[in-house]
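At position 157 of the sequence shown (counting the first as 1) the number is 433 in my numbering, and the numbers step up by one without a gap.
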Amino acid sequence: MKLGFKRKRLGKTDYRKRLKLLLANKPRLVVRKSLKNILAQIVEYDENGDKVIVSAHSSELKKYGYGGNKGNIPAAYLVGLLIGGKAKKKDIKVLVLDIGLQNSVKGSRIYSVLKGCIDVGLNIPHSKEILPMDDRVKGKHIKNFDANKLEEIKNKISGE
């Protein structure tokens with residue numbers, strides 16, 4: 277009896293989707309979310325295993341003075357700005373978004389990271405309709421959220 281790939285059996289990898297992403301022959305912007313954090317990585321394919329070139333985690337935002345929830349849309353946007361800046365330093369300009377097995381929801385945290393990367397100047401194929409509205413990125417939907425502080429942090433990240 278022949279068993280399938282372990283990661284496929286466990287529901288961790290969609291190999292059809294992975295193959296399509298790898299055939300693009302571009303580095304992937306991998307975005308993963310938990311309830312409290314956002315992780316973004318730029319990954320290149322290698323025969324011996326994918327190589328992470330650049331990584332950004334929402335816990336890094338503390339260095340820039342962000343004290344809010346690290347799992348919301350404004351934090352995801354800042355993570356996108358952060359990883360976009362790191363990518364530009366490594367001379368990476370074109371990426372493909374990899375959301376893995378996560379559901380694609382218009383205006384979600386995943387696409388907030390994408391918006392941050394695009395605002396830095398990275399070229400990532402996307403649809404304009406899927407990005408979150410500016411009001412949500414600025415945190416206007418969150419009670420007691422300081423939008424001015426968000427702009428300060430955005431300028432600090434962009435200034436690096």
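The beta-carbon is built from N, C-alpha and C at its ideal position, and this holds for glycine as well.
Exposed unless 16 or more other CB atoms sit within 10 angstroms - verdict on residue i
i      : result
Leu295 : exposed
Val370 : exposed
Ser334 : buried
Gly435 : exposed
Tyr387 : buried
Val413 : buried
Gln378 : exposed
Sub-9 Å separation of residue i and residue j beta-carbons
i      : j      : result
Leu373 : Val319 : no
Gly360 : Arg385 : no
Gly383 : Ile400 : no
Gly392 : Ala363 : no
Member of the options whose CA lies at the smallest distance from the CA of residue i
i      : options                           : result
Ala300 : Asn431, Ile314 and Tyr321         : Tyr321
Leu354 : Asn324, Leu305, Val389 and Gly343 : Val389
Lys312 : Asn345, Arg283, Asp326 and Lys430 : Asn345
Lys419 : Pro350, Tyr291, Ser380 and Ser310 : Pro350
Distance between residue j and residue i (C-alpha atoms, nearest Å)
i      : j      : result
His417 : Ser331 : 28 Å
Leu398 : Gly415 : 23 Å
I'd like the ranges of any alpha helix (DSSP H) spanning at least 4 consecutive residues and lying wholly in the region 345-392. Taken in chain order, the complete alpha helix (DSSP H) segments of 4 residues or longer contained in the region 345-392 are 349-365.
Only counting runs of 4 or more residues, tell me where the alpha helix (DSSP H) segments fall wholly within the region 284-342, in order along the chain. 291-299
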